[in-house]
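What follows is a short report on a single structure.
Protein chains in written order, with the working numbering: chain A, 126 to 512; chain B, 126 to 512.
The following block contains the structure:
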C-alpha cells in the first residue's frame, strides 16, 4: 500500500458531506451477522440517525432467515416497534410491484412520518426500499445496511433510489439520502463468488477512472481481495466510498461531475437491457462496459494501450467477463438511447484520458460504431490491448 | 380593502423564496385560454424556468380540447418538441395507474432528463404530473398551470406532489418544487360553481387561520368573488399564495410551521376518506373540517364564539357545506388515524386561537369526542356559533 492511502481502522466512520443531508458510513465486523453482541452499536446508530419512530425493516427472502430475523429481534429489544417486510430476491423483482408491496405493508402497519426504513440487502433492496422511503408520505428516514460488495461500494453512497421499468433500468426513482450506512464485512463471507466479483468491478471502476494510486494498489491486493481478506477489503470499500462521496458531495444531483461515476455504465446498461435484466449481473455488464469505454478512449487517442491492457488484466484476474455479448449496432444504439446521461438524443460517454482520470464527452458515430461492431467480439479486448 | 393589502397589478409576479428552488407565480389573464396572443409570455416563461429540452404537457380529457390542444400548438411553434399526455378527469383517478400512464408515455417518447413536465389542470393533474416529474429519471423540471381556484391558491405553491392509496389520501408522494406557476384567471370563467366554491374554502382558510385582515376583506369582497370579479380574484389568489409561500419558505418539508396550513384538514381528510373520495370535493370537506376545528378550538376556550360565527357565516355565503356527515366516533377516528400530521399514534390538530391566528396541538380524547359525537350534526354548527 502506498503512503497516501493508509489502512484505516474500522472504527472511524466515513463522512459523506452533503450539508444538512450529511451522513456517516460505518465499516465494521459483525453488527449484521451477530447482532446480539452489537446492541450498543445499533443503539448508538439509531440515535445518530435521528430514529424516533417505528422501524420498517425491508429485506429479501434469502436474507430474512440469515440476518433479518435476529436483527428485528434486537431492534424490538431496543424498544422499537418493528415492521418486517420481506420481498423476493432478484433484480427481476426491482419493479413497481415490489415498491407497492413495501408501501402497502407500511400503510397497513399504519406507520407515520416519523418511521425509518431500514434496507437490509443488496442493491435491489436498497434501491427499492430507498425509493419507498423517499415517497412514503412524501419522504421518511432511511438507513442502508448493504450486504453485497456492490451495494457497499456503490449504491450505499449517493442517495440514488429507484425501480426498473420495462423500457429502461432505474427509469423511475428519486434522490433520497440515507441517514446512515452500516457495512458489515462479515456479510461478504457468504456472498457467492460471482456476485463478489461483480462488486469488484465497481471497485476497479473507481481506480481506473478516478485514482491511479488506488488502481495500482488493487493490482497488488487482488489476490488478498479474492480471499476476502478483512484488511484489504476494509481499504477497498473505504477508498471506493471516499472517492464516490467526494464526487457526490460536489454534485449531488448529477448535473456535472457525478456523471464520471458512470465509467462503463452506458455500454453496461445496454448489455443489461438487451439481455432482459438478470442474466448479466450489473457489475459484469459494467466490467465489459469499461473495456468498451477504454477501447473507445484508446481509439480516440485519449489513453495509451498499456492502460487498456492493465484494465483488462485486472478485470480478468478478478474473475469478470471482458468480452461484449453479440449484439448488432442497432441493438446497442437502441438500448443506449435511454441512458439517463443522454441529452436531446445525443449520447455522452465517460472516457478515460489516462489511468485514474476521466471526462464526459460526446463521440462521433463512426468511432462509436467501430467499437460496437468489432467482430469477433473478442477482438475488442485485443483492440483495447493492442491499439 | 385595507391599506396594508393594496391591489396588486397582474404583471408583478409573486416570488416563492426557497433558496435555489425559488420560483415565480404569474397571475395573468389569457395565456391559457387564448395562447396565440401570448407567445411572448410563454417564450419568456420557458426561458425563466430553464426549459431547454422537450415538453410533456399533461392534462385531462376535459381540458385537452378546451385549452390543451391550442397550447401544444403554440409550444410546438415556439420550437419545442411537445408530448401531449391526456389522463381521465377526476379525483378517483389520482392513483398509481395515472402515474404509470404518464411515466409510460414519457418513456415511450424517449424523453430524457432535460425534459419539462407542464401540468395543465386542477389539483389532480398537478399532484400526479408533479409526482411523475419528481420521479422520472430521479427528477425533471416541472411547470404548474393550475386551472381551478383550489389548485391556484393551494396546490400550486409548496411543491407537494403525490397520489392517493386505497388506505389513505396523498400517502405516496414527494416534495418537488415547480420551476414556475402560471395562473390564468380566465380559466375560472368556465369552472362549475361547486368547484369554484371549493376553492373559496381554501381562500377562507388562509384568512381564518393566518390573516385577520384578509378574512375581514373576504367578508366584504365575497359578493364580488362570487361574481368572479377579476380585481377581487387577483387579490384573493395573490394574498392566499403569499400567505402560503411565506410559511412554505420557512418550513419546506413540513417539520413545523407548515402544518398550520392544514387548518380543517384532519377532519376534512377523514370526510373524504370515509366517503371514498370524490363524493365530497376536497374544499367542501375542508369547509366542514374548519367548522369542526373551530368548534374544537372554542370548546377548549381558545377562541371566542364570535369568530366561529363569522367563519360559519362566510363559508355559508360562499356556498359551502358547514355540517359534518353522519359518521360514528369510531369511523372518524379510523379515518383520522392515517393523517400525516399524526406522530406515534397521537393525532395533532390545527386549532385557531383567535381570528387569523393558529397553532398545532394535541387534544384530549374527551374534548375531541364531544365534537365528533355532536347529534344532530347540525348542532355542531350551533355549538360553533353558540359555545
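Where is the CB? At the ideal position from N, CA and C, for every residue including glycine.
In this text, all values refer to a predicted model and were calculated from it rather than measured experimentally.
Asked, Found
"Report the neighbours of residue 486 of chain A on chain B: residues whose CB is nearer than 8 angstroms to its CB, in chain order.", "Neighbours of residue 486 of chain A on chain B: none; closest Cβ ~17 angstroms, over 8 angstroms."
"At the level of alpha carbons, what is the spacing between residue 177 of chain B and residue 190 of chain B?", "26 angstroms"
"Could you compute how far the alpha carbon of residue 295 of chain B sits from the alpha carbon of residue 408 of chain B?", "15 angstroms"
"Quick one: is residue 512 of chain B near chain A, going by C-beta distance under 7 angstroms?", "Legend: pLDDT at residue 512 of chain B = 39, less than 50; position of this residue unreliable, no value from coordinates given."
"Going by Cα to Cα distance, which pick from A/428, A/500, A/499 and A/404 is closest to residue 216 of chain A?", "A/404"
"For residue 500 of chain B, count neighbouring C-beta atoms within 10 Å of its own C-beta (all shown protein chains included) and say buried if the count is 16 or more, exposed if not.", "exposed"
"Could you give the distance in angstroms between the alpha-carbon of residue 282 of chain B and the alpha-carbon of residue 392 of chain A?", "41 angstroms"
"Is any beta-carbon of chain B found at less than 7 angstroms from that of residue 312 of chain A?", "no"
"List, from N- to C-terminal side, the alpha helix (DSSP H) runs of 4 residues or more that fit wholly inside the region 309-394 of chain B.", "318-335, 337-351 and 355-375"
"Quick one: residues in its chain with C-beta nearer than 7 angstroms to the C-beta of residue 386 of chain A, no 5 flanking neighbours on either side, listed in chain order?", "369 and 372"
"Within this structure, are the beta carbons of residue 423 of chain B and residue 389 of chain B separated by less than 7 angstroms?", "no"
"Give the straight-line distance between the Cα atoms of residue 481 of chain B and residue 237 of chain B, rounded to the nearest whole angstrom.", "45 angstroms"
"Suppose only complete runs of 3+ residues qualify. What are the beta strand (DSSP E) ranges in the region 469-502 of chain B, listed by chain order?", "473-477 and 483-487"
"I need the boundaries of the alpha helix (DSSP H) containing residue 166 of chain B, first residue and last residue.", "164-173"
"Whose Cβ in chain A lies nearer than 7 angstroms to the Cβ of residue 232 of chain B?", "290, 292, 293 and 296"
"Within its chain, find whatever has a CB closer than 8 angstroms to the CB of residue 494 of chain A; leave out the 5 residues flanking it on each side and keep chain order.", "454"
"Taking buried to mean at least 16 other C-beta atoms within 10 Å of its own C-beta, is residue 231 of chain A buried or exposed?", "buried"
"Is there a Cβ from chain B that is less than 7 angstroms from the Cβ of residue 326 of chain A?", "no"
"Around the Cβ of residue 186 of chain B, are there at least 16 other Cβ atoms within 10 angstroms (buried) or fewer (exposed)?", "exposed"
"List, in order along the chain, the chain B residues whose C-beta lies closer than 9 angstroms to that of residue 382 of chain A?", "Residues of chain B passing the Cβ test: none, with the nearest at roughly 16 angstroms."
"Taking only runs that begin and end inside the region 215-299 of chain A, name each unbroken beta strand (DSSP E) of 3 or more residues, in chain order.", "241-246, 266-271 and 285-290"
"Measuring CA to CA, which of A/261, A/324, A/307 and A/333 is closest to residue 299 of chain A?", "A/261"
"Span of the beta strand (DSSP E) holding residue 207 of chain A?", "207-212"
"Examine the Cβ distances between the region 252-269 of chain B and the region 321-337 of chain A and report whether three or more of them are shorter than 8 angstroms.", "no"
"Less than 7 angstroms between the C-beta atoms of residue 267 of chain B and residue 249 of chain B, yes or no?", "no"
"Establish whether the CB of residue 267 of chain A and some CB of chain B are separated by less than 7 angstroms.", "no"
"Contact criterion: CB-CB distance below 7 angstroms. Does residue 458 of chain A meet it with respect to chain B?", "no"
"Quick check on DSSP: helix, strand or coil for residue 447 of chain B?", "coil"
"Let me know the beta strand (DSSP E) ranges lying completely inside the region 409-457 of chain B, each 3 residues or longer, listed in chain order.", "none"
"Tell me whether residue 303 of chain B is buried or exposed, calling it buried when 16 or more other Cβ atoms sit within 10 Å of its Cβ.", "buried"
"Would you please state the rounded distance, in angstroms, between the beta carbons of residue 74 of chain B and residue 503 of chain B? I believe it to be under 8 angstroms.", "This structure leaves residue 74 of chain B out entirely; chain B is present only between 126 and 512."
"From residue 446 of chain A to residue 416 of chain A, what distance separates their C-alpha atoms?", "10 angstroms"
"What are the residues in the region 350-372 of chain A lying within 7 angstroms of chain B by C-beta distance?", "none"
"List the whole-angstrom C-beta distance separating residue 211 of chain B from residue 223 of chain B, where the pair is believed to meet the contact cut-off of C-beta under 8 angstroms.", "Their Cβ separation, rounded to whole angstroms, is 11 angstroms, which puts residue 211 of chain B and residue 223 of chain B out of contact at 8 angstroms."
"How long is the line joining the alpha carbons of residue 128 of chain A and residue 228 of chain B, rounded to whole angstroms?", "For residue 128 of chain A, the pLDDT reaches just 37, beneath the cut-off of 50, and the residue's location in the model is therefore unreliable, leaving the point undetermined."
"Would the beta-carbon of residue 124 of chain B fall within 7 angstroms of that of residue 475 of chain B?", "Residue 124 of chain B falls outside the range modelled here, since chain B spans only 126 to 512, and no answer is possible."
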